[in-house]
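This report refers to the structure that appears directly beneath it.
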Amino acid sequence: MTILVKNKHTLQIDGFKFKCCIGKNGTTSNKKEGDKKTPKGTYKIENLYYRNDRKKKPSTLLKCIKIKKNMGWCDDTNFPKKYNKLCKIEKNTRSEKLTRKDSKYDFLIPIKYNFKKPISGRGSCIFIHLTKDYKPTAGCVALKEKDFLIMLKLIRENSKIKIV
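94 is the number of the first residue of the sequence shown in our numbering; add one for each residue after it.
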C-alpha cells in the first residue's frame, strides 16, 4: 500500500483522494534543515503517535504510541547522534515538542526520511500530521482529521509514502 502525494494539494491511497498540504516552499530532492520543503522520494513510515489526553486510540494496523509530555523529535544539528530521532525534551538540545498547544500533533506519523543513519542538517521531523486550514507546513504532509482517520484504516506497517 502506497500513500501517494501527487502534488501540493492531493494525497491518494488506491481510489481515495484527499486534500492535503505540504511544505511552504514545495518539494525538493535536496532537503536541508529549515528550508520549508517536503522531501521527494519513496519512504517507509513509522508508528502512529497520538495524544491520548485529547484523542482515543484510532482504528489502525500501525503500532500506536501515546505521546508523553516530555517527548520531542530532535532537530538540533549540533547533536548528530540524536538528530532526527525521538527524544526526551532537554534544555540544551533543540527539538520539536510533540505536545503542542494546537492540535497538529494530536495524531502524527513520522516519515522515514533521513532516518536510518541520519545526516545532520539534511532535514528532520518530517511527519504526516493534522491540519485545520491547509496552510503550508515546514516540510510535513498534513491532512484534516477525518481524512487522517480514513487513511489510518487503509495503511499498514509496511506501507510507504511516495512524494513526487
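No residue lacks a Cβ here, since even glycine has one placed at the ideal position from N, Cα and C.
Small disclaimer: the values here were computed from a predicted structure and weren't measured.
Membership of Ile221 in the beta strand (DSSP E) is indicated by the continuous run Phe220 to Leu223.
In this structure, DSSP gives Ile158 an extended state, which the three-state scheme calls strand.
In the structure shown, the three-state DSSP call for Ile248 is coil.
Beta-bridge analysis with DSSP links Leu201 to Tyr142 and His222.
Annotation: the continuous beta strand (DSSP E) that includes Phe109 extends over Phe109 to Lys112. Collapsing the DSSP output to three states places Lys150 in coil.
Taken atom to atom, the span from the alpha-carbon of Ile160 to that of Arg144 is near 5 angstroms. Within the same chain, Cβ atoms closer than 7 angstroms to the Cβ of Lys129 are found at Gly116, Lys117, Asn118, Ala231 and Gly232, the five residues on either side in sequence being excluded.
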